[in-house]
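Asks: Sharing a structure, written as structure tokens. Questions coming.
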Amino acid sequence: MLSGHPFDTVKVRLQTQPLPAPGQTALYSGAMDCVRKTIAKEGPKGLYKGMGAPLVGTAPIFALSFWGFDLGKKLVATSPDQELNVVQLAAAGGFSGILTTCIMAPGERIKCILQVQQGGTSGTKYTGPLDVAKSLYREGGIRSIYKGTIATLMRDVPASAAYFGGYEMIQRAMVHYGGGDRSDLGVGRTLLAGGLAGVCNWIVALPPDVLKSRLQSAPEGQYKGVVDVFSHLMKTEGPKALYKGAAPVMIRAFVANSCCFMGYEFAMWSLNRFV
């Protein structure tokens with residue numbers, strides 16, 4: 001989280017920056033320009049805006065995600081010892097994405113609002129995650145806090161399918177071409193498989209993530225829903241806008257998910273060995 005959140009902040013700011021007026025340049029010309037301007041105006045802590053909400057939710061989200069994938073595999077399997085094919089693995093992964101949305105959606109809503117809030121100005125509206133949550137509840141109740149839930153589902157269900165399905169298939173390919181079984185895969189290949197799974201996740205997730213970020217960070221009433229965000233984006237910026245923030249998110253995805261799956265494999269090895 002500490003290493004990955006700055007990349008996420010840059011991603012969200014690139015995704016949500018306003019279109020420049022005719023004859024003017026964009027607020028950010030790219031990822032590095034966003035980093036430089038954020039640090040210049042807000043200091044390094046500006047890159048960590050909105051981290052409180054996902055930090056609180058990270059442990060339960062990942063626990064629910066991996067548990068949901070395991071449950072999904074059991075639901076799609078026809079026998080206990082069956083080796084699932086890629087479609088079944090993707091279905092199990094997609095099921096996990098449904099379960100995590102109940103925690104993910106409000107956390108993402110709060111995070112995005114804080115990330116797009118520009119510091120160093122007199123217009124700072126929120127002091128932190130709790131302040132955002134209280135304000136949203138006063139303005140629109142629980143429905144406002146959960147704004148963007150459909151967009152989060154549109155992102156996380158197919159992305160989780162690619163994430164878990166990709167990891168399993170990459171692991172199997174490594175075993176097939178390297179010989180042995182999965183227990184023979186070392187740290188390096190586990191880190192590589194986890195990193196590539198993270199990239200698979202975000203190749204699928206990035207377009208709906210752009211829509212989600214814009215919907216969740218927009219002022220109340222600006223958009224009717226995710227379809228309205230998509231229509232407006234296509235008219236004003238075109239399809240390439242769906243891939244804004246690709247560079248920082250792919251770097252973050254590889255690094256963070258290498259560590260995530262390494263931790264998962266180590267935890268499973270420890271449980272199987274000592275419990």
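Using our numbering, read the sequence shown as starting at 1 and increasing by one per residue.
Idealized CB from N, CA, C, for every residue including glycine.
Using 8 Å as the threshold, is the C-beta distance between Ala31 and Pro248 below it?
Replies: Against a cut-off of 8 Å, the Cβ pair of Pro248 and Ala31 comes out as a contact.
Asks: Quick one: Cα of Arg252 to Cα of Pro44, how far?
Replies: 17 Å
Asks: Closer than 8 Å by C-beta to Thr149: which residues in its own chain qualify, once you throw out the five before and the five after it? Chain order, please.
Replies: Thr101, Ala105
Asks: Could you give the DSSP three-state label for Ala53: helix, strand or coil?
Replies: helix
Asks: Could you check how far apart the C-beta atoms of Leu114 and Gly50 are, in whole angstroms? I think they sit under 8 Å.
Replies: Between Gly50 and Leu114 the Cβ distance is about 3 Å, and since that is below 8 Å, they are a contact.
Asks: Helix, strand or coil for Val43, going by three-state DSSP, please let me know.
Replies: Inspection of the sequence shows that residue 43 is occupied by Gly rather than by Val. DSSP places Gly43 in coil when its eight states are reduced to three.
Asks: Looking only at C-alpha atoms, which of Val210, Phe274, Asp228 sits nearest to Lys276?
Replies: In the structure displayed, the chain extends from 1 to 275; residue 276 sits before or after that span and is not available.
Asks: Does the beta-carbon distance from Lys212 to Glu108 come in below 8 Å?
Replies: Cβ distance < 8 Å, so Lys212 and Glu108 count as in contact.
Asks: In the DSSP assignment, find the unbroken alpha helix (DSSP H) run with Ser144 in it and report its ends.
Replies: For Ser144, the enclosing alpha helix (DSSP H) covers residues 129-145.
Asks: Please name the residue in Ala241, Gly263, Asp184 whose C-alpha comes closest to that of Pro18.
Replies: Ala241
Asks: Taking the alpha carbon of Met169 as the reference point, which residue from Arg155, Ala151, Leu196 has its own alpha carbon closest?
Replies: Leu196
Asks: Under 8 Å between the Cβ atoms of Ala256 and Cys200?
Replies: Going by C-beta atoms, Ala256 is not nearer than 8 Å to Cys200.
Asks: For Ile61, which residues from the same chain have a beta carbon less than 7 Å from its beta carbon, with the 5 sequence-adjacent residues on both sides left out?
Replies: Thr100, Ile103, Met104
Asks: Would Gly72 and Ala91 be called neighbours here (beta carbons separated by less than 8 Å)?
Replies: yes
Asks: By a C-beta neighbour count over all protein chains shown, 10 Å radius and 16 as the cutoff for buried, is Thr190 buried or exposed?
Replies: buried
Asks: Using a 10 Å radius around the Cβ and a threshold of 16 neighbouring Cβ atoms, would you call Met234 buried or exposed?
Replies: exposed
Asks: Look up Asp81 in the DSSP assignment and say whether it is helix, strand or coil.
Replies: coil
Asks: So for Tyr236, helix, strand or coil by DSSP?
Replies: Per the sequence shown, the amino acid found at residue 236 is Thr instead of Tyr. When DSSP states are grouped into helix, strand and coil, Thr236 belongs to the helix group.
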